[in-house]
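One structure is given here, and the rest of the page talks about it.
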Ligand code: CTP
Ligand code: CA
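Residue numbers (the UniProt record's numbering): 177 to 403.
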């Protein structure tokens, strides 16, 4: 059921969201992933549709159904690796707002084996990693000023284990984007609850612990004022 009381602050706007983990294959049956459940990204997708936006959701492997699909206001691409997520995102990066919520693997496997690596008669393999593309950074490089405002408006996420504000400030500068949203991991992974620290050019603002959908609605209200 659409929350009909939500303000339609994003009518006519296109929103692109990455969500969930990525999966980096080692061989056809093994791989490396992380604890992201996709819930925060999917909650933002729902909140954006509620606010009237046309949403494209690019999801890493996660077991969540597409929110509010019956509205016809949301499309979804399923991807696996960071490279696939990068390609799908840069392809669809013509949008008004980009939320990079996915927990993207920073490193992929340099040469994934084409056949299952067998244990027998072999010592433990050593795995060579290779840096993955930074999806958010590459979208940020495409930003142009439109009527004095950055287009698309890019929102990054950061899950940190300590020194949240410092790391989030540093990420905002390093990625050259107007807003980064921080949360302290890993306890938020998989949970329906979260709390956020939103950092933009005006400083930092805490959004108190609540259901991810409630947080997502508050975040959408904040971002809608920026564009
Ligand atoms: N991100 C991305 N592509 C990557 C890595 C990160 O798009 N290859 C995005 C995430 O979706 C998130 C933001 O960048 O919005 C910050 O991710 P994070 O992992 O916190 O930042 P990193 O720059 O990778 O720094 P580190 O992992 O070293 O803390
Ligand atoms: Ca990272």
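Even glycine gets a Cβ: it sits at the ideal position worked out from N, Cα and C.
Closer than 8 Å: residue 280 CB and nearest ligand 2 heavy atom: Within the chain shown, residue 280 is the residue found at index 104, counting from 1. Indeed, a heavy atom of ligand 2 lies less than 8 Å from the Cβ.
task: Confirm the yes/no value for this check: CB of residue 311, any heavy atom of ligand 1, distance under 8 Å.
output: Counted from its first residue, the chain shown places residue 311 at position 135. Indeed, a heavy atom of ligand 1 lies less than 8 Å from the Cβ.
query: What distance in whole Å lies between the Cβ atoms of residue 219 and residue 335, which are believed to be in contact at a cut-off of 8 Å?
result: Taking the first residue of the chain shown as 1, we reach residue 335 at position 159. Taking the first residue of the chain shown as 1, we reach residue 219 at position 43. Not confirmed; about 15 Å, so no contact.
Backbone secondary structure at residue 224 - three-state DSSP: For the purposes of this step, residue 224 is taken as residue 48 along the chain shown, with counting starting at 1. Here residue 224 sits in helix by DSSP.
query: Looking only at its own chain, which residues have a Cβ that is under 7 Å from the Cβ of residue 242, when we skip the five neighbours before and after it?
result: Taking the first residue of the chain shown as 1, we reach residue 242 at position 66. So the list reads 233, 250, 252, once near-sequence residues are dropped.
- request: Using the DSSP secondary-structure output, state which residues sit across from residue 373 in a beta bridge.
  value: Within the chain shown, residue 373 is the residue found at index 197, counting from 1. According to DSSP, residue 373 bridges with 358, 382.
message: Is it buried or exposed, residue 272, if we count other Cβ atoms within 10 angstroms and call 16 or more buried?
response: As a working mapping, residue 272 is identified with position 96 in the chain shown. Burial is judged here by how many other beta carbons sit within 10 angstroms of a residue's own beta carbon; residue 272 has at least 16 and is buried.
Cβ shell of residue 422 (< 7 Å), same chain only, five flanking positions each side left out: Absent from the model: residue 422. The displayed extent of the chain is 177 to 403, so no value can be given.
task: Please indicate yes or no: does the CB of residue 200 lie closer than 8 Å to some heavy atom of ligand 1?
output: The residue labelled residue 200 in the question sits at position 24 within the chain shown. Every heavy atom of ligand 1 is 8 Å or more from the Cβ of residue 200, so no.
message: For a test of your reading of the model: does the CB of residue 351 fall under 8 Å from any non-hydrogen atom of ligand 1? Yes or no.
response: Along the chain shown, read from residue 1 onward, the residue named residue 351 stands at position 175. For ligand 1, at least one heavy atom lies less than 8 Å from the Cβ of residue 351.
Cβ-heavy atom distance, residue 277 to ligand 1, below 8 Å: Here residue 277 refers to the residue found at position 101 when the chain shown is read from its first residue. Yes, since a heavy atom of ligand 1 falls inside the 8 Å radius drawn around the Cβ of residue 277.
task: Output the distance between the C-alpha atoms of residue 226 and residue 183, rounded to the nearest integer angstrom.
output: Counted from its first residue, the chain shown places residue 226 at position 50. Counted from its first residue, the chain shown places residue 183 at position 7. Near 8 Å, if we compare the C-alpha coordinates of residue 183 and residue 226.
- prompt: Do you know how far the Cα of residue 300 is from the Cα of residue 395?
  reply: One-based indexing of the chain shown puts residue 395 at position 219. One-based indexing of the chain shown puts residue 300 at position 124. Their Cα atoms are separated by approximately 46 Å.
field: Secondary structure, beta strand (DSSP E): runs of 3+ residues fully inside the stretch 310-352
entry: 320-322, 325-327, 329-336
- prompt: Roughly how many angstroms lie between the CA atoms of residue 294 and residue 329, to the nearest whole one?
  reply: Position 118 of the chain shown, counting from 1, holds the residue named residue 294. Position 153 of the chain shown, counting from 1, holds the residue named residue 329. So the alpha carbons of these two residues sit roughly 47 Å apart.
query: Got a sec: does ligand 1 put a non-hydrogen atom nearer than 8 Å to the Cβ of residue 365?
result: By 1-based counting over the chain shown, the position of residue 365 is 189. Because no heavy atom of ligand 1 lies under 8 Å away, the Cβ of residue 365 does not count as near it: no.
- request: Check residue 489 in the structure and name its three-state DSSP category.
  value: Here the chain comprises residues numbered 177 to 403, so residue 489 is not present and cannot be evaluated.
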